[in-house]
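Shown next, in structure tokens, is the structure this report addresses.
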Amino acid sequence: MKEIVGRFAPSPSGRMHLGNIYTAILSWLSVKSRGGKWILRIEDLDPQRSKLEYARMIEDDLHWLGFEWDEGGLDGKGPNGPYLQSKRHHFYEEALDRLKSTGLCYPCSCTRADILATQAPHESDGRVVYKGTCRPAVLPSPYIEKNRAAVRIAVPDEEITFTDRIKGMQTVNLARHCGDFIVRRGDGAWSYQLAVVVDDALMGVTEVMRGDDLLLSAAQQIYLYRLLGYTPPEFAHVPLVCNEKGIRLSKRDKSLSMEYLRAHHTPEEILGMAAHRASIIPTSSPISLLHLLEKSKLYFSILNNSKF
Ligand code: GLU
Numbered sequence: 011m012k013e014i015v016g017r018f019a020p021s022p023s024g025r026m027h028l029g030n031i032y033t034a035i036l037s038w039l040s041v042k043s044r045g046g047k048w049i050l051r052i053e054d055l056d057p058q059r060s061k062l063e064y065a066r067m068i069e070d071d072l073h074w075l076g077f078e079w080d081e082g083g084l085d086g087k088g089p090n091g092p093y094l095q096s097k098r099h100h101f102y103e104e105a106l107d108r109l110k111s112t113g114l115c116y117p118c119s120c121t122r123a124d125i126l127a128t129q130a131p132h133e134s135d136g137r138v139v140y141k142g143t144c145r146p147a148v149l150p151s152p153y154i155e156k157n158r159a160a161v162r163i164a165v166p167d168e169e170i171t172f173t174d175r176i177k178g179m180q181t182v183n184l185a186r187h188c189g190d191f192i193v194r195r196g197d198g199a200w201s202y203q204l205a206v207v208v209d210d211a212l213m214g215v216t217e218v219m220r221g222d223d224l225l226l227s228a229a230q231q232i233y234l235y236r237l238l239g240y241t242p243p244e245f246a247h248v249p250l251v252c253n254e255k256g257i258r259l260s261k262r263d264k265s266l267s268m269e270y271l272r273a274h275h276t277p278e279e280i281l282g283m284a285a286h287r288a289s290i291i292p293t294s295s296p297i298s299l300l301h302l303l304e305k306s307k308l309y310f311s312i313l314n315n316s317k318f
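Oh and the sequence shown: position 48 is 58 in our numbering, straight run, nothing missing.
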């Protein structure tokens, strides 16, 4: 049987909070309870927001909980490095060339204001759907370089279906969900969608477990996997942790930040709370990592949405 490879891919833009750590705990348990490998990848694509000191804190918080990664982290151990996205440009460049060679990429100079101006009034859930203003009349067509333009990839008006291990069957039409999307920004920055696909594929990741705010991104990613000739991993999107107002936690919510949690709880208490929240254990009493690992074996081998 193929080895299970999971990963935790935090962006080092602040101290982790309960939501980040919840995802880390579940993804670690999911692969470790099935004898797999766990990678720590630092997603520092955004130079303005990413800080080395936050990456160090992430590692320290993971160690405090008792986690060790088999590959990756700041010292970059393992055969599939570098494990910092800021050092992986050459891989993204190569993938972009391959995407361009499909004839489905085109340059786009639309500003955010241009794109918002094309939105229909009912599209008010904050999602921006690109209407194809710069799309060539005929596709596929050769990519014509244009200075300071973003690179977009054309999406088909058809359904992409996948089964999420937690959320069940999902059907997404990319034309309606997001439209042709950016794979490289006009300022040269790589898009999250491209980088995450290239990294997960090249690192041999077989399971992507992360917050469910990224559930629909999985369809964009599956589309890129197909165009690049890679096999998509299994996806498992865990419900986001919300604050008492029902709003998803952000790195600004200090009350549930790891700084606060470490000052007021033991690792066993945090593990117990997380495991209870995911219904791995019936009460939220403290539990050791080893004991929890044991309890997780059956749970993750038959993971399905009924548990969350
Ligand atoms: N870097 C992303 C974050 O911290 C996670 C991306 C992923 O797991 O695919 O939210």
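By construction, the Cβ of each residue, glycine as well, lies at the ideal position given by its N, Cα and C atoms.
- Closest in C-alpha terms to Ser-289, from the list Glu-244, Asp-222, Ile-176, Ser-60, comes Ile-176.
- With a contact defined as Cβ atoms closer than 8 Å, Leu-266 and Asn-253 qualify at about 7 Å.
- Contact check for Glu-69 against Gln-95 fails: the beta carbons are separated by 7 Å or more.
- By the criterion of at least three beta-carbon pairs nearer than 8 Å, the stretch 22-35 is not in contact with the stretch 200-216.
- If you draw a straight line from the Cα of Leu-281 to the Cα of Leu-302, it is about 8 Å long.
- Setting aside the 5 residues that flank it on each side, Arg-108 is surrounded in the same chain by Leu-238, each with a C-beta closer than 7 Å to its C-beta; the list follows chain order.
- Restricting attention to alpha helix (DSSP H) runs no shorter than 4 residues, the stretch 101-181 encloses them at 122-127, ordered along the chain.
- Relative to the Cα of Lys-141, the nearest Cα in the group Arg-236, Met-219, Leu-184 belongs to Leu-184.
- Going by beta carbons, Val-207 and Leu-234 fall inside the 7 Å limit.
- Counted as a single uninterrupted DSSP element, the alpha helix (DSSP H) harbouring Gly-29 occupies residues 28-42.
- The beta carbon of Ile-31 lies closer than 8 Å to those of Asp-71, Leu-75, Met-268, Leu-271, Ile-280, Ala-284 in the same chain, with the five residues before and after it left out.
- Leaving aside the five residues that flank Ser-311 on each side, the residues in its chain whose CB is nearer than 7 Å to its CB run, in chain order, Arg-44.
- In the DSSP annotation of this structure, the continuous segment of the beta strand (DSSP E) that includes Arg-17 starts and ends at 15-18.
- Beta bridge pairing from DSSP links Asn-183 with Glu-169.
- If you draw a 10 Å sphere on the C-beta of Pro-242, you find 16 or more other C-beta atoms in it, and that means buried.
- Residue pairing from DSSP places Val-218 in a beta bridge opposite Phe-245.
- When the Cα atoms are used, Gly-83 and Arg-59 turn out to be separated by approximately 18 Å.
- If the five residues before and after Leu-39 are omitted, its C-beta is found closer than 6 Å to the C-beta atoms of Ser-306, all from its own chain and listed in chain order.
- In this structure, the CA atom of Arg-195 is about 20 Å from the CA atom of Ala-127.
- Between Ala-246 and Val-182, the C-beta gap is not smaller than 7 Å, which leaves the two residues out of contact.
- The DSSP-derived three-state label of Trp-74 is helix.
- Judged by DSSP secondary structure, Lys-47 falls within the beta strand (DSSP E) whose first and last residues are 47-50.
- Non-local beta-carbon contacts of His-274 in its own chain, meaning distances under 8 Å to residues more than five positions away in sequence, are absent.
- Arg-287: member of the alpha helix (DSSP H) spanning 277-287, first to last residue.
- Between the ligand GLU and the CB of Glu-53, the shortest heavy atom gap is smaller than 6 Å.
- Under DSSP, Arg-258 shares a beta bridge with Cys-252.
- Excluding the 5 residues flanking it on each side, Lys-12 has same chain C-beta neighbours closer than 8 Å at Thr-216, in chain order.
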